[in-house]
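S.K.: Residue numbers (the numbering used here): 25 to 306.
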Amino acid sequence: GMERMVANTHAMSNGPGKPGTSDAGFVERIRDAIDRQELSMVYQPQADVFTNRLTGFEALSRWRLSDGTMLPPDVFVPMAEQGDAIHLLGEWTLRAACTAAAGWLRAGILDVPVSVNLSARQLDDPGLVLKVLGVLAETGLPAANLKLELTETAMFSQGADAREALMQLRGAGIRMVLDDFGTGWSSLATLRRVPVEALKIDKQFVQAMVEDRDAAAIVQAVIALAHALDLTVVAEGVETAEQRLYLQAYRCDTLQGYWLSRPLSADGVAEFLAERRVVIGR
Ligand code: C2E
Ligand code: CA
Ligand code: CA
Ligand code: CA
25 GMERMVANTH AMSNGPGKPG TSDAGFVERI RDAIDRQELS MVYQPQADVF
75 TNRLTGFEAL SRWRLSDGTM LPPDVFVPMA EQGDAIHLLG EWTLRAACTA
125 AAGWLRAGIL DVPVSVNLSA RQLDDPGLVL KVLGVLAETG LPAANLKLEL
175 TETAMFSQGA DAREALMQLR GAGIRMVLDD FGTGWSSLAT LRRVPVEALK
225 IDKQFVQAMV EDRDAAAIVQ AVIALAHALD LTVVAEGVET AEQRLYLQAY
275 RCDTLQGYWL SRPLSADGVA EFLAERRVVI GR
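Given below as structure tokens:
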């Protein structure tokens, strides 16, 4: 149950040796969770800061334990990243999101990209490019309708093979988004070398921006920098109309957050579209 999971989480964070944590065990645990349909995806809409036109969705994973407890991804993704379970989880996540997006596209409901988070560890997998292209072929989702969100750590602290994989994915028409911008240590020089089309400003800056002049200056500077490099900017964690006004003043492109919508189940997406809280289409 939940207590065991939480106890395991604590055990795993207790130092580098991590005795007693069996990676094979966690791979099995993820496999079981998939078989028992405990994993699911939710989708959070993104919209143009000015026009409120729907620009896409971010796919986020959820784990509902058999007793009904929700395990947050901040807990189980890092656990999976400690070993090979991340490859299983990552592939399941990608397939689930692409299946949903391809379904919406086929039904004529929606033609916007879905963004899937890719863990830095997934770039260690030499089969990653073929897996991603395989999932697109299998689900029928066009490459233009998939974006991959990678953190600064994933984009920059990788070897030549990882960089080559990113280039191949980009070459296949999949767009890359640099996630959690501002929380790492990327330099302007490295920013020019990675094949990204957008930066995502982490919610800690967006949420501090209205109260804190330094945070506001950072948000403003990041947006200006991104635009100078021909990148678009997504602000995450937008909760208030006031934050949206600031983002308009700073000429940010896209917003995502509770102000627009919480992450939604696949059924919730259909209801959200029916409510017409966003502009759909061009
Ligand atoms: P992230 O990629 O930075 O995702 C944004 C997080 O902010 C999500 O948390 C989202 O639910 C939350 N959020 C969105 N709008 C608001 C808002 O207005 N206010 C606040 N306070 N929060 C908001 P979530 O879903 O709990 O995911 C946490 C993190 O777990 C993600 O951060 C991402 O790093 C990771 N994650 C989630 N799903 C996946 C996945 O499928 N694969 C991988 N590799 N990582 C995932
Ligand atoms: Ca993300
Ligand atoms: Ca973030
Ligand atoms: Ca994150």
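Cβ atoms here follow ideal geometry from the backbone N, Cα and C, with glycine treated the same way.
By how many angstroms is the C-alpha of residue 94 removed from the C-alpha of residue 107?
M.R.: If you number the sequence shown from 1, residue 107 lands on position 83. If you number the sequence shown from 1, residue 94 lands on position 70. Taking the straight line from one Cα to the other gives about 22 Å.
S.K.: Would residue 223 and residue 257 qualify as a contact pair, given that the criterion is a beta-carbon distance under 8 Å?
M.R.: Walking along the sequence shown from the start, residue 223 turns up at place 199. Walking along the sequence shown from the start, residue 257 turns up at place 233. Result yes, Cβ atoms of residue 223 and residue 257 sit closer than 8 Å.
S.K.: Residue 200 and residue 220: beta carbons closer than 8 Å?
M.R.: Translated into the one-based positions of the sequence shown, residue 200 becomes position 176. Translated into the one-based positions of the sequence shown, residue 220 becomes position 196. Closer than 8 Å, so yes.
S.K.: Using 8 Å for Cβ pairs, my map puts residue 163 next to residue 126. What's the rounded Cβ distance?
M.R.: Counting from one through the sequence shown, the residue named residue 163 turns up at place 139. Counting from one through the sequence shown, the residue named residue 126 turns up at place 102. Going by Cβ atoms, the distance from residue 163 to residue 126 rounds to 4 Å, so yes, they are a contact pair.
S.K.: Only counting the same chain, and skipping five residues up and downstream in sequence, which positions put a Cβ closer than 7 Å to that of residue 189?
M.R.: Working through the sequence shown from its first residue, we reach residue 189 at position 165. 147, 152 and 153, listed in sequence order.
S.K.: Classify residue 150 as buried or exposed, calling it buried when 16 or more other Cβ atoms lie within 10 Å of its own Cβ.
M.R.: Your numbering for residue 150 matches position 126 in the sequence shown. So residue 150 ends up on the exposed side.
S.K.: Heavy atom of ligand 1 less than 7 Å from the Cβ of residue 117, yes or no?
M.R.: Locating residue 117 in the sequence shown gives position 93, counting from the first residue. The answer is yes for residue 117.
S.K.: According to DSSP, simplified to helix, strand and coil, what is residue 301?
M.R.: Locating residue 301 in the sequence shown gives position 277, where the first residue counts as 1. Of the three classes helix, strand and coil, the one that applies to residue 301 here is coil, per DSSP.
S.K.: Helix, strand or coil for residue 165, going by three-state DSSP, please let me know.
M.R.: Along the sequence shown, read from residue 1 onward, the residue named residue 165 stands at position 141. Correct three-state label for residue 165: coil.
S.K.: Run through the DSSP bridge pairs and tell me what residue 87 is partnered with.
M.R.: The residue given as residue 87 occupies position 63 in the sequence shown. Answer by DSSP bridge pairing, in chain order: 63 and 95.
S.K.: With burial defined as no fewer than 16 other Cβ atoms inside 10 Å of the residue's Cβ, what is the status of residue 131: buried or exposed?
M.R.: Reading the sequence shown from its first residue, position 107 is the one you call residue 131. Exposed, by the Cβ-count rule.
S.K.: Shortest alpha-carbon distance to residue 228 belongs to which of 218, 217, 205 and 249?
M.R.: Walking along the sequence shown from the start, residue 228 turns up at place 204. Nearest option by C-alpha distance: 205.
S.K.: Would you list, in sequence order, the uninterrupted alpha helix (DSSP H) runs of no fewer than 4 residues that lie entirely inside the region 213-248?
M.R.: Taking only runs of at least 4 residues, the alpha helix (DSSP H) segments lying wholly in the region 213-248 are 227-232.
S.K.: Would you call residue 304 buried or exposed, if buried means 16 or more other Cβ atoms sit within 10 Å of its Cβ?
M.R.: As a position in the sequence shown, residue 304 is number 280, starting the count at 1. That one is exposed.
S.K.: Go ahead and pull the three-state DSSP assignment for residue 80.
M.R.: One-based indexing of the sequence shown puts residue 80 at position 56. Strand.
S.K.: Alpha carbon to alpha carbon, how far is residue 272 from residue 263?
M.R.: Along the sequence shown, one-based indexing puts residue 272 at 248. Along the sequence shown, one-based indexing puts residue 263 at 239. One C-alpha to the other measures close to 14 Å.
S.K.: State the DSSP-derived secondary structure class of residue 177, mapped to helix, strand or coil.
M.R.: Translated into the one-based positions of the sequence shown, residue 177 becomes position 153. Helix, per DSSP.
S.K.: For residue 253 and residue 91, I'd like the C-alpha separation in whole angstroms.
M.R.: Position 229 of the sequence shown holds residue 253. Position 67 of the sequence shown holds residue 91. Approximately 48 Å, taken between the alpha carbons.
S.K.: Based on the DSSP secondary-structure assignment, which residues constitute the bridge partners of residue 199?
M.R.: Locating residue 199 in the sequence shown gives position 175, counting from the first residue. Per DSSP, 171.
S.K.: In chain order, what residues of the same chain lie with their CB nearer than 8 Å to the CB of residue 270, ignoring the 5 residues before and after it?
M.R.: Within the sequence shown, numbered from 1, the residue matching residue 270 stands at position 246. Counting only Cβ-Cβ distances below 8 Å, and skipping sequence neighbours, we find 233, 234, 240 and 243.
S.K.: So is residue 277 buried or exposed if we call it buried at 16+ other beta carbons inside 10 Å?
M.R.: By 1-based counting over the sequence shown, the position of residue 277 is 253. That one is buried.
S.K.: Does the separation of the CB atoms of residue 172 and residue 157 fall below 8 Å?
M.R.: Residue numbering aside, residue 172 sits at position 148 when the sequence shown is read from its first letter. Residue numbering aside, residue 157 sits at position 133 when the sequence shown is read from its first letter. It is not a contact, given that the beta carbons lie outside the stated cut-off.
S.K.: Just to confirm my understanding: we take residue 119, look at its own chain, exclude 5 residues before and 5 after, and list those with CB closer than 6 Å. What are they?
M.R.: Numbered from its first residue, the sequence shown carries residue 119 at position 95. Closer than 6 Å at Cβ, skipping near neighbours: 159.
S.K.: Look at the Cβ atom of residue 279, then the Cβ atom of residue 259, and state whether they are nearer than 8 Å.
M.R.: As a working note, residue 279 is residue 255 in the sequence shown. As a working note, residue 259 is residue 235 in the sequence shown. The answer is yes: Cβ separation under 8 Å.
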